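Novice: Okay, so the sequence shown: first residue is 127 according to the working numbering, each after it adds one.
Where a beta carbon is used, it is the ideal one built from N, C-alpha and C, also for glycine.
All values derive from a computational prediction rather than experimental measurement.
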Amino acid sequence: MKFRVAMDSAGELQEAFKGKDEYRIVPLTLMIGDEEIIDDGTINQKVLIKKIADSPTCAKTACPSPEAYFREYDCGAEHVYGVTISAELSGSFQSAVIARDMYLDKYPDAKIHVFNSRSTSVGETMIVHMITQMEAEGVPFEEIVETIEAWNDEKLTYFTLDNLETLRKNGRLSRLKALAATVLKIKPICIGNHEGIIEQIDQARGSNKALIKMVDHIVEGTADPEKKLLGISHCNCYERAVMVRDAILKRMHVKEVILQETGGLSTVYANDGGIIVVI
């Protein structure tokens, strides 16, 4: 096998890659109330959204073990890649790196690299997409790593949340502020910056105004868009995701677009109506 990608379940695998031996999802564990769910891609998004809404406590997550990554690395592939959620948000990257070191202990000459996406969801999907394209073109391993890490240094993750209950439940937003935001329909607009740290950059009253403002920030913050890959993921709001895509494309041309539904972990944090954009 030419290559193997082991991506944690914070990212979403494109439909064309599912079931192929080159791709493996390393699941995180979701804890919603008293229930533990292995985030292996089998849970229905709408069922998960209902479980989150019905739980009085905030959903929690646990990262994969190094052994879980090692099992997927150890497959005889010429090139091995790990892809994880931002190291600022989870211990998944650290587990993937420990597994990389275990792999190199066993195979000292192996070609293996772990990408800290400094993002989540479609941000990871995009890395897998680029790996696949360059492997198909016969690009050398070292050049693939260098190219994607350079892209990773420049890209930004934008998102807006329609439902603030997760922020209230995990204590990042007080009950009073959450109530006020709900009554006034205030929606935060945030970025995952170049270090993978989440920052609020704006807010708006109403979901549509928030999406318009987010598009403004995306267009104003993107240089040379015709060279860029645009990624969009959504939590149970396909029509709004298409609206965001079309609004961006009316104002700038991009190289390619990936549009995905959020998987388990990203659904937990984006919640119903959340939109994530990476460029």
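1. Taking the alpha-carbon positions, what's the H379 to E352 distance?
2. Quick one: grab the DSSP three-state call for S218.
3. So, do the stretch 237-244 and the stretch 213-221 have three or more beta carbon pairs nearer to each other than 8 Å?
4. In angstroms with no decimal places, state the Cα-to-Cα distance between V271 and N334.
5. For G202, which of A185, K232, A188 has the nearest alpha-carbon?
6. Among Y199, M157, G318, which one has its Cα closest to the Cα of L230?
7. Would L302 be called buried (16 or more neighbouring beta carbons within 10 Å of its own) or exposed?
8. Helix, strand or coil: which one does DSSP assign to L385?
9. Going by DSSP, what residue range makes up the beta strand (DSSP E) through S243?
10. Just verifying my parser: in three-state terms, what is the DSSP assignment at T426?
11. Please confirm if the stretch 365-383 is in contact with the stretch 334-349, defined as three or more CB-CB distances below 8 Å between the two stretches.
12. Which residues does DSSP pair with F196 in a beta bridge?
13. May I have the straight-line CA-CA distance separating T273 from D279, to the nearest angstrom?
14. Who pairs with Q140 in a beta bridge, going by DSSP?
15. Could you give the residue range of the beta strand (DSSP E) that holds E161?
Specialist: Considering the structure as presented:
1. 5 Å
2. helix
3. yes
4. 38 Å
5. K232
6. Y199
7. Summary for L302: the model assigns pLDDT 48, below 50, so the residue's position carries little reliability; its value from the coordinates is reported in the next sentence. Burial call: exposed.
8. strand
9. Where S243 is concerned, there is no enclosing beta strand (DSSP E), given that its DSSP letter is neither H nor E.
10. For the chain, the structure presents residues 127 to 405; residue 426 sits outside this window and is missing.
11. yes
12. Paired residue(s): none; F196 is not in a bridge.
13. 10 Å
14. Q140 pairs with nothing; no bridge assigned.
15. 161-164
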